[in-house]
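Take a look at the structure below.
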Amino acid sequence: MPTVRDAALDVLRQHDLTTVFANPGSTEVPFLAGLPDDIRFVLALHEGSVVGAATGYAIARDAPALALLHTTAGLGNAVGALSTARVNRAPLVVLVGQQDRRHLVQEPFLAGRLEQLAGDYPVRTETPPRAQDVPGAIARAAHAARTLRGPALVIVPMDDWAQPAEELPLPAPAELRLSAAADTAAVREVAALLASAADPALVVGAGADHPTTWEALTLLAERLDCPVWQESFGARAGFPQDHPCFAGHLPADRTRLREALSAHDVVLSVGAPVFRQYPYEGGPLADAGTRLAVVTDDAAEAHRAPVDLAVVAELPSFCTALAETAAKSDDRASQPARPRPERAHSEGHRGERPAPPPPPQEGEPLRAAHVLAALARRLPAETVLVEETPSSRPDLHALVPARRPLGFLSAAMGALGFALPAAIGVRMGAPERPVVAVVGDGSSLYQIQALWTAVHYRVGVVFVVLANGRYAVMDRLADKHESTAPWPAFEEVSVSGMARALGCSARRVSGYDALKAELDALLPGLPDSTRPLVLEVEVKADETFQP
Ligand SMILES: Cc1ncc(C[n+]2csc(CCOP(=O)(O)OP(=O)(O)O)c2C)c(N)n1
Ligand SMILES: [Mg+2]
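Structure below.
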């Protein structure tokens, strides 16, 4: 007689959830002991890394990934990472172990109050009413993770796995299709808005990070001959950043945002909010003369957008249809509407990349920008760059263009501790892509033990750690308050030392020549590498920060 565990394993196989990222406890042993050979187990040494790696894996494969967490202590440790998975829109099926049903009412050791622990970050949380409902709950979680794009939790009491399964069809579809044909009326409406513009612009974001969408937006931008901005603080790139139409990253405050968009009478945002801010400033997001529209597959993003027109649509098919329609009705110049203004302003942004800094002179300290420029010159175009380097993020955007879909990835909400495990998960999910994580020294410490997982499972990622010995971005934010910060620097911390203690090769370099030599030796082997490496580079903290 098949058990609930047998039936659940079949559901996992059916949904291609055969890699389980986990940190186990006693409540998970009945599921894990004697795991069949076709289920790959990946141990991470903290739940933040379990979920971070699963998130990277899900993003790289564009498919649900499976994580297994221990009751309260495990789920509790994972909440930050689960919130990142939700905001990064990564589909995860998360099994959470629970004490034995038969004495749960007596609150035995390890009994968990689990349902509300992750707040409303999960897209779905289910505690199956009977053991026999566990396999169906896992199938529903897989569907919910995919359609709602985030973590779906199933809480499983440890005695459920050994129960006899019910031999009935699961209350979940065997196959679920997300129907995605573009609505022609909506396409025509957006195309007409663009056609009516004298000087349109596009803003792209994480939602547009898909090969088909990139291709369609490239065609659209070329047809419209218009600049394309990347949203500020986006988790992923929505357009090739080495394309002549690429205008750079939008500023994250309203004054500079209005300035950046002031030349345009229509701005269409695709797969990005209108518009993401960081430091608060009053006033409108755009000048009164600019009409705004958004196309997104995230209904909530559409609902909160202060725009004339919002369209909720699956982006690859919508953007393809939009580019075709815009091409057919390329009659913008013949519109009687507005005279086409001199495009000096918008033209000025296009293709213009800030020049890399000149190499440091004798005695001049190495800065993050030197490291990033040296890296940019050497990275293959297919690289996935995972970013978690707060004070240097503006330099990274300016100096290291994302040239392929999934060329850039970061934690959508800025929660530190994502980059290390996520980079590992990405490389496991897309072994054909070189993966480089650029991480601040402070940031690297939130999930440093993820390095062990990379070593053990032979995941060849290069981690470039920008070692300025402090939380530089926090220092710069305190400067804006014109007062001193109570937090100290931590110059004695050696990230390379910690890496070595975890079994990971690591080197600490100082000086430009040593850096170049390391990168030249390292990067050619990156595509085939099965050994992670930490390159800790001593840099001087930057004195300004303007996102
Ligand atoms: C989990 C978490 N805790 C705290 C913060 C707040 N925080 C944002 S940036 C930062 C410092 C980052 O330091 P480091 O990685 O060294 O980068 P640097 O500023 O030096 O470039 C901190 C503590 C956060 N974003 N996430
Ligand atoms: Mg730092």
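Numbering (the working numbering), first residue to last: 866 to 1412. We put the CB at the ideal spot given by N, CA and C, even for glycine. Bear in mind the structure is a predicted one, so any value in this text is a computation, not a measurement.
Whole-Å CB distance - residue i paired with residue j, under 8 Å assumed
i       : j       : result
LEU947  : ALA983  : 5 Å
GLY1290 : GLY945  : About 16 Å separates the two Cβ atoms, so there is no contact after all.
ALA909  : THR1318 : 5 Å
VAL1131 : LEU1180 : Actually they do not touch by this definition, with Cβ atoms about 19 Å apart.
ALA1302 : LEU1316 : About 11 Å; that fails the 8 Å criterion.
ALA1178 : VAL1159 : Actually they do not touch by this definition, with Cβ atoms about 11 Å apart.
GLY1015 : ARG951  : 4 Å
GLU1087 : VAL1068 : Contact doesn't hold; Cβ gap of about 17 Å is too wide.
6 Å CB neighbourhood of residue i in its chain, flanking five on each side removed
i       : result
GLU843  : Because the chain is modelled from 866 through 1412, residue 843 falls outside the range shown and cannot be assessed.
ALA1010 : PRO929, PRO956, LEU957, VAL958, ALA1017
LEU1041 : HIS1008
GLU991  : ALA1002, VAL1019
THR1395 : ARG1323, GLY1325
LEU1084 : ALA1188
N-terminal and C-terminal residue of the beta strand (DSSP E) that residue i is part of
i       : result
GLU1189 : Looking at the DSSP string, GLU1189 is not in any beta strand (DSSP E); the run it does join, the alpha helix (DSSP H), is 1180 to 1193.
LEU1122 : Looking at the DSSP string, LEU1122 is not in any beta strand (DSSP E); the run it does join, the alpha helix (DSSP H), is 1119 to 1126.
SER1370 : 1370 to 1374
ARG989  : 989 to 991
GLY1390 : Counting along the chain, GLY1390 falls outside any beta strand (DSSP E), and DSSP gives it neither H nor E.
GLY1282 : Neither: GLY1282 is in no beta strand (DSSP E) and is coded neither H nor E.
ARG954  : First-last for ARG954: undefined, no H or E at that position.
VAL1301 : 1300 to 1305
LEU1274 : 1273 to 1275
ALA1175 : 1174 to 1177
LEU908  : 905 to 908
Cut-off 7 Å between Cβ atoms - residues of its own chain near residue i, not counting five sequence neighbours on either side
i       : result
PHE1410 : SER1256, VAL1338, ARG1341
VAL1404 : LEU1231, ARG1232, ALA1233, VAL1236, LEU1331, ALA1332, ASN1333
MET1363 : ILE1313
GLY939  : ASN888, GLY890, GLU912
Cβ-Cβ distance between residue i and residue j below 8 Å
i       : j       : result
GLU1277 : ASN953  : Sequence check: residue 1277 is Ala here, not Glu. Going by C-beta atoms, ALA1277 is nearer than 8 Å to ASN953.
PRO1221 : TYR1377 : no
GLY1072 : THR1190 : no
ARG1218 : ALA1188 : no
GLY1325 : PRO1389 : no
THR1248 : PRO1296 : no
ARG870  : PHE896  : yes
ALA1287 : THR1012 : no
VAL1402 : CYS1369 : no
ARG1119 : GLY1148 : yes
VAL1135 : LEU1150 : no
ALA925  : LEU1250 : no
ARG1101 : PHE1283 : no
ASP1306 : VAL1374 : no
PRO1412 : TYR1145 : no
LEU1400 : VAL1327 : yes
ALA1006 : LEU1035 : no
THR1349 : THR1185 : no
Chain-order list of residues whose beta-carbon lies under 8 Å from that of residue i (same chain, five-residue window excluded)
i       : result
ARG1208 : Unreliable positioning characterises ARG1208 in this predicted model, as indicated by a pLDDT of 44, which lies under 50. The coordinate reading is nonetheless provided below. Excluding positions up to five away in sequence, the list reads ASP1064, ALA1128.
ASP903  : ARG878, THR883
ALA1030 : MET866, PRO867, THR868, VAL869, ASP871, ALA872, GLN997, PRO1000
LYS1381 : ALA1239
Range covered by the alpha helix (DSSP H) that runs through residue i
i       : result
HIS968  : Per DSSP, HIS968 belongs to no alpha helix (DSSP H) and is neither H nor E.
THR1077 : 1076 to 1089
VAL1139 : Per DSSP, VAL1139 belongs to no alpha helix (DSSP H) and is neither H nor E.
ARG1053 : 1049 to 1060
DSSP state of residue i mapped onto helix, strand, coil
i       : result
THR1155 : coil
ARG1218 : coil
PHE896  : helix
ALA1202 : Any reading at ALA1202 is ruled out, since the residue's pLDDT is 42, under 50, leaving its predicted position unreliable.
THR868  : strand
HIS1114 : strand
ILE1020 : strand
GLU1247 : coil
ALA1343 : helix
THR1161 : strand
TRP1094 : strand
THR1409 : coil
GLY1001 : helix
HIS880  : coil
GLY1290 : helix
THR1395 : coil
ALA1332 : strand
ARG1365 : helix
ARG1323 : coil
ARG926  : helix
PRO1255 : helix
Chain D contact for residue i (CB, 8 Å cutoff)
i       : result
GLY1099 : Among the chains in the structure shown there is no chain D, since it carries only a single protein chain.
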